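Colleague:
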Amino acid sequence: MPARTSSPIPSALEQLGSPTDPLTSSDVADLRRFLILVADPRDARGLRYPALALLCAAVSAVLTGARSLIAISEWITDAPQHVLGVLGFAADPLTGLRPVPHAATVRRLLQRVDGDALDAAISAYLQARTPPPIEPDAEKAPVRRVIAVDGKVVRGSRTATAAAIQLLAAMDHHGVVLAQRQVASKSNEMTLLAILLGW
Numbered sequence: 002m003p004a005r006t007s008s009p010i011p012s013a014l015e016q017l018g019s020p021t022d023p024l025t026s027s028d029v030a031d032l033r034r035f036l037i038l039v040a041d042p043r044d045a046r047g048l049r050y051p052a053l054a055l056l057c058a059a060v061s062a063v064l065t066g067a068r069s070l071i072a073i074s075e076w077i078t079d080a081p082q083h084v085l086g087v088l089g090f091a092a093d094p095l096t097g098l099r100p101v102p103h104a105a106t107v108r109r110l111l112q113r114v115d116g117d118a119l120d121a122a123i124s125a126y127l128q129a130r131t132p133p134p135i136e137p138d139a140e141k142a143p144v145r146r147v148i149a150v151d152g153k154v155v156r157g158s159r160t161a162t163a164a165a166i167q168l169l170a171a172m173d174h175h176g177v178v179l180a181q182r183q184v185a186s187k188s189n190e191m192t193l194l195a196i197l198l199g200w
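To convert, take the position in the sequence shown, counting from 1, and add 1; that gives our numbering.
Okay, structure coming up:
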């Protein structure tokens with residue numbers, strides 16, 4: 002069955018680039034260079050899917066509009082074979098097809114991965130894609146970098162046994178998240194601000 006015209010897969014392919022026209026390093030920052038620094042929390046025995054491929058797929062799914070673990074898994078399941086190859090999924094030696102992970106595999110990894118390390122990797126990726134600031138004219142006043150800091154509660158994170166997850170993020174005025182950290186349950190945003198900004 003052909004994909005609907007409203008499918009998020011075409012927009013993902015635009016982000017990944019054309020398979021026939023290779024991208025240069027000046028065109029795009031490779032997400033894998035940043036996500037490889039996020040440690041795999043799983044036991045090394047019996048792993049079928051590398052954490053790097055799963056994380057790249059999850060981030061790609063979110064970039065194209067996925068807002069839940071189910072939506073992320075559906076995006077991965079619907080991704081074309083060449084996209085799975087770009088993301089790092091290996092082909093089966095017998096069939097030549099790239100199998101996709103079960104939704105539970107994706108969920109377990111995303112629940113166990115270090116959230117701060119993942120935030121730092123994605124923030125570094127977004128900063129690498131941001132054009133360098135324009136050099137100020139020596140005769141004019143120096144250009145100041147403006148940073149906005151805001152706290153948010155993660156929708157759907159509250160459960161019967163756990164309080165909602167609170168995040169504090171710093172963003173520049175180009176829309177790039179510079180850093181993001183989870184606010185500890187016994188703390189507040191002001192105590193985390195100095196850590197977030199590296200003071």
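Note that CB positions come from ideal geometry on N, CA and C, so glycine has one too.
Since we're looking at a predicted model, the values are computed, not measured.
Check L179 in the structure and name its three-state DSSP category.
Modeller: Looking at L179 - three-state DSSP - the assignment turns out to be strand.
Colleague: Is there at least one Cβ from chain C nearer than 9 Å to D93's Cβ?
Modeller: Checking the listed chains, one finds no chain C in this structure; it contains a single protein chain.
Colleague: Contact between the region 73-87 and the region 101-109 is defined here as three or more beta-carbon pairs at a separation below 8 Å; is this criterion met?
Modeller: As far as the Cβ criterion goes, the region 73-87 touches the region 101-109, which means the pair count is three or higher.
Colleague: Just to confirm my understanding: we take V60, look at its own chain, exclude 5 residues before and 5 after, and list those with CB closer than 8 Å. What are they?
Modeller: Same-chain partners within the cutoff: L32, L36, I123.
Colleague: Taking just the CA atoms, how far does V184 sit from R46?
Modeller: Cα-Cα distance, rounded: 33 Å.
Colleague: May I have the straight-line CA-CA distance separating R182 from R146, to the nearest angstrom?
Modeller: Rounded to whole angstroms, R182 to R146 spans 21 Å at the Cα level.
Colleague: Is it the case that the region 49-65 contacts the region 79-90, given that we only count it when at least three CB pairs across the two stretches are under 8 Å?
Modeller: They touch, by the three-pair rule.
Colleague: Look at the alpha carbon of S158 and the alpha carbon of P94, and state the distance between them as a whole number of angstroms.
Modeller: Distance between the alpha carbons of S158 and P94 is about 40 Å.
Colleague: Could you please give the first and the last residue of the uninterrupted alpha helix (DSSP H) stretch that includes L168?
Modeller: Careful: L168 lies outside any alpha helix (DSSP H), inside the beta strand (DSSP E) at 167-173.
Colleague: Note down the Cα distance separating L98 from L55, rounded to an integer number of angstroms.
Modeller: Taking the straight line joining both Cα atoms gives about 17 Å.
Colleague: Could you tell me the alpha carbon to alpha carbon distance between H174 and A121, rounded to whole angstroms?
Modeller: C-alpha separation (whole angstroms): 18 Å.
Colleague: Whole angstroms are fine: how far does the CA of K141 sit from the CA of A67?
Modeller: Going by the C-alpha atoms only, they are around 45 Å apart.
Colleague: Have a look at L194, D115, R130 and flag the residue whose alpha-carbon is nearest the alpha-carbon of V177.
Modeller: Ranking the options by Cα distance to V177, first place goes to R130.
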